[in-house]
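K.L.:
Each residue of the sequence shown is one higher than the one before, starting from 1 at the first, in full-length UniProt numbering.
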Amino acid sequence: MVELAPEELPLLCAIPAKKRAELLANAIQHSVAAGTVLFEQGEIPNFQLVVLAGSIQLLGQSSERREVLIEAVRGPDLIIPAAVVSGAPYLMQARAPEPARLLLIHAGVFRESVASRRWRRR
């Protein structure tokens, strides 16, 4: 399992050091076992989840109530940032099919960072 340190994440490298430090100041690194459900459909995000190592499956339900794989997210990538930014409920369940390591960034801090856009390149 290849793992990146949070400071090495390509999506954070474009952010100025001060803003990156703010995002990571209270972030939590968390390991999960295979089979762990990270969130259920309909839950409101508390964190922006970033896959550091391993993978996460995003699952939905068919009209026959069968589980359907929508997407597999591998590191380094964000898990459903639109729900976090908008504060809307997740439209899918997320589950780890293998051991995974995640970075959890508080949703409010992530939203503020995206909303400020001062760090974005033009």
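Note that the Cβ used here is the ideal one computed from N, Cα and C, for glycine as well.
Thinking C-beta only, is residue 75 closer than 8 Å to residue 53?
P.N.:
Stepping through the sequence shown from its first residue, residue 53 is reached at position 53. Stepping through the sequence shown from its first residue, residue 75 is reached at position 75. Yes. Within cutoff.
K.L.:
Taking Cβ positions, are residue 105 and residue 50 nearer each other than 8 Å?
P.N.:
Your numbering for residue 105 matches position 105 in the sequence shown. Your numbering for residue 50 matches position 50 in the sequence shown. Contact: yes.
K.L.:
Which stretch, first to last residue, makes up the beta strand (DSSP E) that contains residue 31?
P.N.:
Counting from 1 along the sequence shown, the entry for residue 31 is found at position 31. First-last of the beta strand (DSSP E) with residue 31: 28-32.
K.L.:
What are the boundary residues of the alpha helix (DSSP H) that includes residue 112?
P.N.:
Within the sequence shown, numbered from 1, the residue matching residue 112 stands at position 112. Where residue 112 is concerned, the enclosing alpha helix (DSSP H) stretches over 107-116.
K.L.:
Can you list, in chain order, the residues of its chain with a C-beta nearer than 7 Å to that of residue 97? Leave out the 5 residues immediately preceding and following it.
P.N.:
Against the sequence shown, residue 97 aligns to sequence position 97. So the qualifying residues of the chain are 34, 55, 57.
K.L.:
Quick one: grab the DSSP three-state call for residue 65.
P.N.:
Taking the first residue of the sequence shown as position 1, residue 65 is located at position 65. It is coil, neither helix nor strand.
K.L.:
Residue 24 and residue 6: beta carbons closer than 8 Å?
P.N.:
Locating residue 24 in the sequence shown gives position 24, counting from the first residue. Locating residue 6 in the sequence shown gives position 6, counting from the first residue. Contact flag set, yes.
K.L.:
Check whether the Cβ atoms of residue 109 and residue 22 lie closer than 8 Å to each other.
P.N.:
Reading the sequence shown from its first residue, position 109 is the one you call residue 109. Reading the sequence shown from its first residue, position 22 is the one you call residue 22. Cβ distance < 8 Å, so residue 109 and residue 22 count as in contact.
K.L.:
Secondary structure at residue 43, three-state DSSP: helix, strand or coil?
P.N.:
If you number the sequence shown from 1, residue 43 lands on position 43. Looking at residue 43 - three-state DSSP - the assignment turns out to be coil, as it is neither helix nor strand.
K.L.:
Mind checking residue 61: buried by the 16 CB within 10 Å criterion, or exposed?
P.N.:
One-based indexing of the sequence shown puts residue 61 at position 61. Its Cβ having fewer than 16 others within 10 Å, residue 61 is exposed.
K.L.:
Give me the Cα-Cα distance between residue 39 and residue 107, rounded to the nearest whole angstrom.
P.N.:
Counted from its first residue, the sequence shown places residue 39 at position 39. Counted from its first residue, the sequence shown places residue 107 at position 107. Near 14 Å, if we compare the C-alpha coordinates of residue 107 and residue 39.
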